[in-house]
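Just below is one structure, and these are the notes that go with it.
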Amino acid sequence: MSNEASTPAPIQQPLPLAFVNGEALIEKPEDLFIPPDALEVILDTFEGPLDLLLYLIRKQKFDITTLPIAVVTKQYMEYVDAMMALKLELAAEYLLMAAILAEIKSRLLLPKRSDESDDEGDPRAELIRRLREYELVKNAAEDLDAQPRLERDLFIPNVALSESIAPVRVDPSVSLAEIVLAFSGAMKRAAAFEHHTIEREALSTRERMSYILSIVTKDQFTPLEALFTLEEGKSGVVVSFLALLELVKEQLIFCIQAGPYARIHVKLGSHEED
Amino acid sequence: MKKINTAQLKQLVEAAIFVAEKPISKQELKDSVLGEFEVADRTLSKIVNELQRDYQPRGIQLVEVASGYRFQSLDALSPWLSKLWQENAPKYSRAMLETLALIAYRQPITRGEIEQVRGVAVSSNIMKTLTERGWVSLVGHKEVPGRPALYATTKTFLDYFSLSSLSDLPSADAFETMTENEQSSSSLKVLNEAPSNQ
Amino acid sequence: MKKINTAQLKQLVEAAIFVAEKPISKQELKDSVLGEFEVADRTLSKIVNELQRDYQPRGIQLVEVASGYRFQSLDALSPWLSKLWQENAPKYSRAMLETLALIAYRQPITRGEIEQVRGVAVSSNIMKTLTERGWVSLVGHKEVPGRPALYATTKTFLDYFSLSSLSDLPSADAFETMTENEQSSSSLKVLNEAPSNQ
Numbered sequence: 004m005s006n007e008a009s010t011p012a013p014i015q016q017p018l019p020l021a022f023v024n025g026e027a028l029i030e031k032p033e034d035l036f037i038p039p040d041a042l043e044v045i046l047d048t049f050e051g052p053l054d055l056l057l058y059l060i061r062k063q064k065f066d067i068t069t070l071p072i073a074v075v076t077k078q079y080m081e082y083v084d085a086m087m088a089l090k091l092e093l094a095a096e097y098l099l100m101a102a103i104l105a106e107i108k109s110r111l112l113l114p115k116r117s118d119e120s121d122d123e124g125d126p127r128a129e130l131i132r133r134l135r136e137y138e139l140v141k142n143a144a145e146d147l148d149a150q151p152r153l154e155r156d157l158f159i160p161n162v163a164l165s166e167s168i169a170p171v172r173v174d175p176s177v178s179l180a181e182i183v184l185a186f187s188g189a190m191k192r193a194a195a196f197e198h199h200t201i202e203r204e205a206l207s208t209r210e211r212m213s214y215i216l217s218i219v220t221k222d223q224f225t226p227l228e229a230l231f232t233l234e235e236g237k238s239g240v241v242v243s244f245l246a247l248l249e250l251v252k253e254q255l256i257f258c259i260q261a262g263p264y265a266r267i268h269v270k271l272g273s274h275e276e277d
Numbered sequence: 136m137k138k139i140n141t142a143q144l145k146q147l148v149e150a151a152i153f154v155a156e157k158p159i160s161k162q163e164l165k166d167s168v169l170g171e172f173e174v175a176d177r178t179l180s181k182i183v184n185e186l187q188r189d190y191q192p193r194g195i196q197l198v199e200v201a202s203g204y205r206f207q208s209l210d211a212l213s214p215w216l217s218k219l220w221q222e223n224a225p226k227y228s229r230a231m232l233e234t235l236a237l238i239a240y241r242q243p244i245t246r247g248e249i250e251q252v253r254g255v256a257v258s259s260n261i262m263k264t265l266t267e268r269g270w271v272s273l274v275g276h277k278e279v280p281g282r283p284a285l286y287a288t289t290k291t292f293l294d295y296f297s298l299s300s301l302s303d304l305p306s307a308d309a310f311e312t313m314t315e316n317e318q319s320s321s322s323l324k325v326l327n328e329a330p331s332n333q
Numbered sequence: 136m137k138k139i140n141t142a143q144l145k146q147l148v149e150a151a152i153f154v155a156e157k158p159i160s161k162q163e164l165k166d167s168v169l170g171e172f173e174v175a176d177r178t179l180s181k182i183v184n185e186l187q188r189d190y191q192p193r194g195i196q197l198v199e200v201a202s203g204y205r206f207q208s209l210d211a212l213s214p215w216l217s218k219l220w221q222e223n224a225p226k227y228s229r230a231m232l233e234t235l236a237l238i239a240y241r242q243p244i245t246r247g248e249i250e251q252v253r254g255v256a257v258s259s260n261i262m263k264t265l266t267e268r269g270w271v272s273l274v275g276h277k278e279v280p281g282r283p284a285l286y287a288t289t290k291t292f293l294d295y296f297s298l299s300s301l302s303d304l305p306s307a308d309a310f311e312t313m314t315e316n317e318q319s320s321s322s323l324k325v326l327n328e329a330p331s332n333q
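Protein chains in written order, with our numbering: chain A, 4 to 277; chain B, 136 to 333; chain C, 136 to 333.
And the structure:
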């Protein structure tokens, strides 16, 4: 696969990429010698047997597709021996790979029968597939690491909110029906002590009582006329008057008249306080 | 010390003010991101002024606060930006609705009177919520021992329910008869579509 | 519905993307800050494009990532901007990056399948870190004996790596070529059926 061949091997030395196809052209594996101190570090960085195999192949500039199994197996075993000697935590996966390599090697050594069809396949095929797949993942991981990312390469702006921003609180919606039902519910439960019914007239008187209370103050006298709205007509005046009487009766307001036919003034509060 | 061209310098200062977690002063800029460059005070001031001008027509502004420079959203956009932090208040409880209903139908009314009808105490929270929503207000004090506060509904309350006056409040009895008579009443549907708030 | 002029609209969109706590999509903009305005999709797209152009020469850029639009600092400025933080950015091990890459390219994938490709066991710590960072999530179980968990990457993962979709992953092409060349391998076909991610 052309794509595969052109993928640069990350652990490769900075030499021109020159493929040596076939074992005859390969230099002797002199670079297998690594100072013991460095060896420990190197061995520790392998992400498993596939990673180690890939390293060996790339280091020797073998073509992955023509995997020279004998050489690679020999070198692999040397590394595994070194790992054991250094008492590195040797995962079972490394030994499993050693067994796989030995098996492939022995099958390749068997004489090839001429009547054997090509479909039988190269015993190395599965290993080659796995190596390619792993190399792809390894490269993908490197590409992902190189991808600009938050915290390291990209930073998110912190823009302050103007002081006038306050979170919008959405109040629950209430329907008039809920209010009415709540009222009748409360009234039904209170029926044991409460008996009177609510009439429209009483209601508007009560509303007018609230209204008057919101107008008159404790500190100032309000002229009585100010509490009537002529536009409301006769019935409006009556309602206001009834509300006033009710408020006086409940001692919520009091009225004062300086003399006969003088202006009547209204003030919040009771007589006792004065 | 390295040199840097003005365009790059401006980008760097701009990005630094943006990504810094707090407002950043000119001195802090010089000590951190500009550390390895030779940047004259005059140049830095000029850049900051330019940036402030650049952002004048934009949705965010470069402002100077006590501890340095920072970007902040344009004041005029607040009413809409606030919607990014919208939170929905929980639905009102039955206690809340009954209290509101009693105030509406029996105003002016004291808390004690509401408690008398409902048979349970009215929590301060309920009164606070209703007052904050602008539906209920304190209109006076009842001249009885203790001078308890008198509550009434407000104009906001009437507006919310599209009532022109309290006398438009449906009488509870009539309403019940009506709902019993027509289950699929269209007028009920209207009632359920209370305005979605001013 | 209220109307708003284009200049104000642009300011509002700009400020909203800036102050939002996460990347914000066009739909989210329309549902929140633009809620009360009549804004055509075309208008909004035009505004976003204009903003992207406006910021091109600046120190920060408007980019589209998986979960929406956000501003981020110019990549080239990172050597200096990183000086604003005392701590270094977290580094991720090869084991972690390879596991993450496999989940990204081969999702949905089981831990066993990852181990098969990598040739070594995947530590629980790695899966835990990836899940805690919100980059990987459990999306189901494979219907094979033992019903192993299936993992996939999230939008948070794409956002973190400033990608708008899985197809923007750096080595996506290489993986696809491999998949095409190995039609026989059924496990590889899964790549094409990767869920678009919630």
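We put the beta carbon where it would ideally sit given N, CA and C, even for glycine. All of these numbers come straight from a predicted model, not from anything done at the bench.
Would you check if the distance between the CB atom of residue i and the CB atom of residue j is smaller than 8 Å?
i             : j             : result
residue 83/A  : residue 59/A  : no
residue 208/C : residue 153/B : yes
residue 255/C : residue 216/B : no
residue 271/B : residue 245/B : no
residue 159/A : residue 130/A : no
residue 144/A : residue 293/C : no
residue 174/A : residue 241/B : no
residue 158/B : residue 212/A : no
residue 233/A : residue 218/A : no
residue 170/A : residue 210/C : no
residue 134/A : residue 56/A  : yes
residue 162/A : residue 252/C : no
residue 194/B : residue 149/C : yes
residue 305/C : residue 147/A : yes
residue 273/B : residue 151/C : no
residue 164/C : residue 239/C : no
residue 108/A : residue 72/A  : yes
Identify the continuous alpha helix (DSSP H) that holds residue i and give its terminal residues.
i             : result
residue 266/B : 259-267
residue 238/C : 229-241
residue 72/A  : 72-88
residue 190/B : 176-190
residue 153/C : 141-154
residue 162/B : 161-166
residue 215/B : 213-216
Tell me the residue span of the beta strand (DSSP E) that contains residue i.
i             : result
residue 270/A : 267-271
residue 288/B : 284-288
residue 198/B : 195-200
residue 58/A  : Premise fails: residue 58/A lies in the alpha helix (DSSP H), 52-62, not in any beta strand (DSSP E).
residue 348/C : There is no way to answer for residue 348/C, as the model of chain C reaches only from 136 to 333.
residue 274/B : 271-276
residue 256/A : 256-260
Closest by CA to residue i, which one among the options?
i             : options                       : result
residue 141/C : 180/C, 261/C and 278/C        : 180/C
residue 264/C : 250/C, 234/C and 248/C        : 234/C
residue 154/A : 144/B, 148/B, 155/B and 147/B : 155/B
residue 52/A  : 67/A, 73/A, 88/A and 95/A     : 95/A
residue 286/C : 303/C, 275/C, 166/C and 139/C : 275/C
residue 261/B : 236/B, 148/B and 278/B        : 236/B
residue 278/B : 190/A, 261/A, 216/A and 239/A : 216/A
residue 183/C : 198/C, 170/C and 193/C        : 198/C
residue 207/A : 242/A, 178/A and 191/A        : 242/A
residue 223/B : 172/A, 177/A and 264/A        : 172/A
residue 249/C : 218/C, 221/C, 284/C and 280/C : 284/C
residue 137/A : 310/C, 163/C, 189/C and 218/C : 310/C
residue 221/C : 187/B, 166/B and 218/B        : 166/B
residue 295/B : 165/A, 179/A, 168/A and 167/A : 179/A
residue 166/A : 188/B, 196/B and 171/B        : 196/B
residue 341/B : 146/C, 171/C, 161/C and 160/C : In the structure as shown, chain B begins at 136 and stops at 333. Residue 341/B is therefore absent and cannot be evaluated.
Q. Counting pairs of Cβ atoms below 8 Å between the region 227-243 of chain C and the region 193-210 of chain C, do you hit three or more?
A. Touching, no.
Q) Three or more beta-carbon pairs under 8 Å between the region 258-272 of chain A and the region 217-236 of chain A, yes or no? A) A contact exists between the region 258-272 of chain A and the region 217-236 of chain A.
Q) Are there three or more Cβ pairs, one per stretch, closer than 8 Å when the region 124-139 of chain A is compared with the region 162-179 of chain B? A) With a cut-off of 8 Å, the region 162-179 of chain B and the region 124-139 of chain A do not count as touching, because too few Cβ pairs lie within range.
Q: With a floor of 4 residues, list each alpha helix (DSSP H) that falls wholly inside the region 159-195 of chain A, ordered by position along the chain.
A: Within the region 159-195 of chain A, the complete alpha helix (DSSP H) runs of at least 4 residues are 179-192.
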